[in-house]
Amino acid sequence: MAGGYRQKRWREAERVRVDVNAMMSHMVEGGLQEAALAALVPRLLEAYTGLARQRHARLLPFAELPYAKAELKRTLALAEEVRDEFDDLVVLGIGGSALGTRALYEGLRPIDHAWRAPLNSEMRVHVADTVDPASFTGLLGRLDLRRTLFNVISKSGDTPETMSQFLVVRDALLRDLGAVAYKRHIVVTTDAAGGALRQIVNDEGFRDLAVPAGVVGRFSVLSAVSLFPAACAGIDIAEVLAGAADMDERCAEADPWRNPALLHAGVLHLSAQQGRGIVVLMPYSNPLQALGPWFCQLWAETLGKAHDLHGAAVHRGVTPIAAIGPSDQHAQLQLWVEGPDDKTIVFVRVEDHGTELTVPKSYEDLESVSYLGGLDLGALTNMEQQATELALAKAGRPSATIVCPHLHGFALGQLFYLLEIAAVIMADLLAVDPFDQPGLEEGKQLTYGLAGRAGAEGCRAEVQRSLAKKEVRYVV
Ligand code: PA5
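One point on numbering: in numbering that gives the first Met the number 0, the residue at position 232 of the sequence shown is 231, and numbering is uninterrupted.
This is the structure:
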C-alpha cells in the first residue's frame, strides 16, 4: 500500500523479524545454549550502552540519516528536477558509493527495469561499479547520451576507478553536447567541503549533493549517495527512511530479545566463537540478490581489522559470503552441510513475494512431477528455504532467518539499518574500530603509485621493488 508506512498498524505488520530458532540447541544439535546467550547479555549491554551514548552525543552520523529532513528535501527536489529531462541515470562510483544503490534499486525494481522502455517520471538506473573496459564501453554504447544523466559519487573525491569513469564520460559528453550543455548531464555527490570532486563542482558549476560528514561509504546507503538514484527511479525514499527509523526505534531497546540488531549480533558472535566465523547471507528472493555484495562490504570492511581499539595486533574479522536461494542449494549447500563446520547461514525470507505464478497442473500420472501442479512459485521458494534450514539443522549446522513480510521501501530501510547497527555491535564485541579501513587505503595508495599520481612516488618505487622480486621460475 503506497504511503502505508504512515500508519502505525501497517508499520507493525510490516516489521522485519530476526528468527534465531535454528541457531539454538533445541533445534540444532551443537547449536547455542540459552545459557550461553544469557552469559553474553552483560557484554551485549555494554555494547548497547556504548552505542546509545554515541547516538546521544550525535557521534554516529550514519544513524542520523533516517531523520535528515533537509537532505531528503534537497534529494527529492533534485530528483524531481531531472526526472522528466532524462531516461537513464548512470551511477559512476565504486564500493560504498555503488553497492547500496544496487541493493536498493534492484530490491525495489524488477531485475529488467534497467532496460525496459522508460516510464514517465521513472528513470532507469545503471550502476557502473567497474573500470572493466568491455563492460564500461558496452554500457556507454547502449545509452542515448542526450537522455542520460551521470551521477558521479565519491566521498573522498579522488577514487581512481570513479574519477577515470568520470573523465571518460565527461569527454564523451563534451564531444556530443558541447561545453555548456554537457554540464546538465552531470550530478556530483561528494564531500560537502573537501576533495578534488568538490573543487571540480565549484569550478564547473555541476549540480551536486553532499555525502554527510562522518558517513563512510559502506554506511551511506541511507544518504543521498543511494537515495538520489532511487528517487530518480521513482522509489519512495521517504518510505525507505521510515523503515530505517522504525528499526532504529526497535534497536533502542536494551533487551536483546526485543532488539533485533543486538540479538542478531549476539548469536553471530557466539557462533563465531564456536568456530563458525564465516557468515553466509542467503536471500530467497532474486530482487534481494544485490543485498549480498552490500552486506559483504559492510561486514568485511567494518569488522576485518589488524588492530583492536587499544592498538594491539589482533587480525580479527568475520568473513561474509553472498549466496542466493534456491540456486545455491544446488551449488554450495553440499559444502555447508558436509564440509567444515565453520559457517553460519543467514537466510532472508520474503513471506509474500508480491507476484503470483502458479505451476499448471499437468502430467497427473507422473508422481515425481504432478505434485508441483497448483503450487505458487513464491510458496515453493519459501518451502525450499525451510527445507534448507532443516537440512542444515539435521547436520548440526545453525542458521538464522531474517523475515520480511513484503518487499517494499519500508522493508529495505529496516534491513539496511538492522545490518548496519548489528555490524557496529559486532565491532564492539570484537573491540575494533567499525569506521576505518586502513587496509583499503593502502591499496588505493599503491594504485596511485602505479598509475603515476604526483606525490605517490614512494608507493611507485615500493611497487616496482616488489614487482622486481617476481621471479619467472614461480610462473607457469
Ligand atoms: O566503505 C568505504 O569507505 C569504501 O569502500 C568506499 O566506499 C570506496 O572506497 C569508494 O570510496 P569513495 O566514495 O571515496 O570514492
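Heads up, the beta-carbon is just placed ideally off N, CA and C, and yes, glycines get one too.
Proximity test, T446 beta-carbon vs the ligand PA5 heavy atom, cut-off 7 angstroms: no
Enclosing alpha helix (DSSP H) for A51 [first to last residue]: E33 to H55
With 16 other Cβ atoms within 10 Å as the buried cut-off, status of Y416: The residue in question, Y416, is buried, as its Cβ has 16 or more Cβ neighbours within 10 Å.
6 angstroms Cβ shell around G303 - same chain, five flanking residues per side excluded: Hits under 6 angstroms: G316.
Helix, strand or coil at A312 according to DSSP, with G and I counted as helix: strand
Other residues of its chain near G177: CB distance less than 7 angstroms, five sequence neighbours each side excluded: none
R459, enclosing alpha helix (DSSP H) - first and last residue: Here the alpha helix (DSSP H) through R459 covers E456 to A467.
Supposed contact pair Q384 and Y447 - C-beta distance, whole angstroms, cut 8 angstroms: Between Y447 and Q384 a beta carbon distance of about 45 angstroms is seen, past the 8 angstroms cut, so the two are scored as non-contacting.
Start-to-end residues for the beta strand (DSSP E) that takes in A305: Here the beta strand (DSSP E) through A305 covers K304 to H306.
Minimum C-alpha distance to I234 - residue among L71, S270, E63 and Q164: L71
Whole beta strand (DSSP E) elements within the region 126-204, 3-residue minimum: 147-153 and 185-190
Which of helix, strand or coil DSSP assigns to K342: strand
Cβ-based burial, S270 [other Cβ within 10 Å; buried from 16]: buried
D207 versus L287, R197 and G213, residue with shortest Cα-Cα distance: R197
3 or more residues per run - each beta strand (DSSP E) lying fully within the region 371-443: 398-403
Cβ-heavy atom distance, I93 to the ligand PA5, below 7 angstroms: yes
heavy atom of the ligand PA5 below 7 angstroms from Q288 C-beta: no
The ligand PA5 heavy atom lying under 7 angstroms from the CB of V215: In this structure, the ligand PA5 has a non-hydrogen atom nearer than 7 angstroms to the beta-carbon of V215.
C-beta contact flag for I93 and D143 at 8 angstroms: no
Helix, strand or coil at I236 according to DSSP, with G and I counted as helix: helix
Rounded straight-line distance, which links the Cα of V17 to that of R73: Their Cα atoms are separated by approximately 34 angstroms.
C-alpha gap between L166 and E470, whole angstroms: 36 angstroms
Cβ contact check for the region 20-30 and the region 234-246: 3 or more pairs under 8 angstroms: Judged by Cβ distances under 8 angstroms, the region 20-30 makes no contact with the region 234-246, as fewer than three pairs qualify.
Every unbroken alpha helix (DSSP H) within the region 53-92, with a cutoff of 4 residues, ordered by chain: For the region 53-92, whole alpha helix (DSSP H) runs of length 4 or above, ordered along the chain, are 60-63 and 68-82.
Residues bridged to L208 [DSSP beta-bridge criterion]: T188
Continuous alpha helix (DSSP H) stretch holding V266: start and end: Per DSSP, V266 belongs to the alpha helix (DSSP H) from P259 to Q272.
With 16 other Cβ atoms within 10 Å as the buried cut-off, status of D351: exposed
L418: CB within 7 angstroms of a non-hydrogen atom of the ligand ZN: The ligand content of the structure shown is limited to the ligand PA5, which means the ligand ZN is not among them.
The beta strand (DSSP E) enclosing V279, as first and last residue numbers: I277 to P282
8 angstroms Cβ shell around T147 - same chain, five flanking residues per side excluded: F85, D86, D87, L88, V89 and H184
Any non-hydrogen atom of the ligand PA5 closer than 7 angstroms to T129 Cβ: no
E300 vs R169 beta-carbon contact at 8 angstroms: no
Continuous beta strand (DSSP E) stretch holding R16: start and end: Counting along the chain, the unbroken beta strand (DSSP E) around R16 starts and ends at R16 to D18.
Check whether M382 and G324 have beta carbons under 8 angstroms apart: no
V336 vs L391 beta-carbon contact at 8 angstroms: Contact: yes.
Cβ neighbour criterion (16 or more within 10 Å) applied to S550: With the chain represented from 0 up to 475, any question about residue 550 goes unanswered, as that position is not in the structure.
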